[in-house]
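Novice: Can you keep this structure in mind? I'll have questions shortly.
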Amino acid sequence: REKRLTLPPSEITLL
Amino acid sequence: PGLLEPTSSLVRVAKSASTLGIAIEGGANTRQPIPRIVTIQRGGSAHNCGQLKVGQVILEVNGATMRGREHRDAARLIAEAFKTKERDYVDFLVTDFN
């Protein structure tokens with residue numbers, strides 16, 4: 001069975 | 101620093117423009133646990149430097165590790181490194197290996 005990613009995506013910050 | 105990252109390289113970005121000009125994503129507790137460069141803006145210091153690339157992962161900034169830092173903390177550290185008048189450059193340890 002495929003393992004699913006449970007971590008959320010990240011924000012993107014312009015620096 | 102960086103000894104355990106055989107593909108890493110140190111890039112010194114001179115503060116040649118009023119902005120650093122990179123966008124980063126990722127940080128601890130996200131799908132991208134170490135910040136990654138997603139954009140390099142034309143005309144910014146990073147673009148002028150010519151050695152940073154989209155897709156590279158930022159391992160250290162001025163010798164400070166990015167590991168374990170949440171996104172906002174990593175972004176703040178980079179912003180402060182660019183803002184400080186103590187140095188006219190920012191050192192990035194980056195790797196192409198994600």
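So the protein lines, in turn, are chains H and W.
Residue 7 in my numbering sits at position 7 of the first sequence, and the numbers go up by one each step.
Just remember that my numbering sits 100 ahead of the position in the second sequence, which is counted from 1.
We put the beta carbon where it would ideally sit given N, CA and C, even for glycine.
#1: Note down, in chain order, all residues in the segment 171–183 of chain W with a beta-carbon under 8 Å from any beta-carbon belonging to chain H.
#2: Quick check: is the beta carbon of residue 127(W) nearer than 8 Å to any beta carbon in chain H?
#3: If contact is defined by three or more beta carbon pairs under 8 Å, each pair taking one atom from either stretch, is the segment 141–148 of chain W in contact with the segment 163–180 of chain W?
#4: With distances taken Cα to Cα, identify the nearest neighbour of residue 194(W) among 171(W), 152(W), 184(W), 187(W).
#5: Look up residue 140(W) in the DSSP assignment and give the residues it is bridged to.
#6: For residue 160(W), list the residues DSSP reports as bridge partners.
#7: Taking C-alpha atoms, which residue in 185(W), 184(W), 121(W), 129(W) lies nearest to residue 147(W)?
Specialist: The structure says:
#1: 171, 172, 175, 178, 179, 182
#2: Position 27 of the second sequence, counting from 1, holds the residue named residue 127(W). For residue 127(W), the answer is yes, since a Cβ of chain H falls inside 8 Å of its Cβ.
#3: no
#4: What you label residue 194(W) is simply residue 94 of the second sequence in a count that begins at 1. Per the Cα distances, 152(W).
#5: For the purposes of this step, residue 140(W) is taken as residue 40 along the second sequence, with counting starting at 1. DSSP lists 122(W) as partners of residue 140(W).
#6: For the purposes of this step, residue 160(W) is taken as the residue at position 60 of the second sequence. Residue 160(W) pairs with 165(W), 193(W).
#7: Residue numbering aside, residue 147(W) sits at position 47 when the second sequence is read from its first letter. Checking every option, the nearest Cα to that of residue 147(W) belongs to 121(W).
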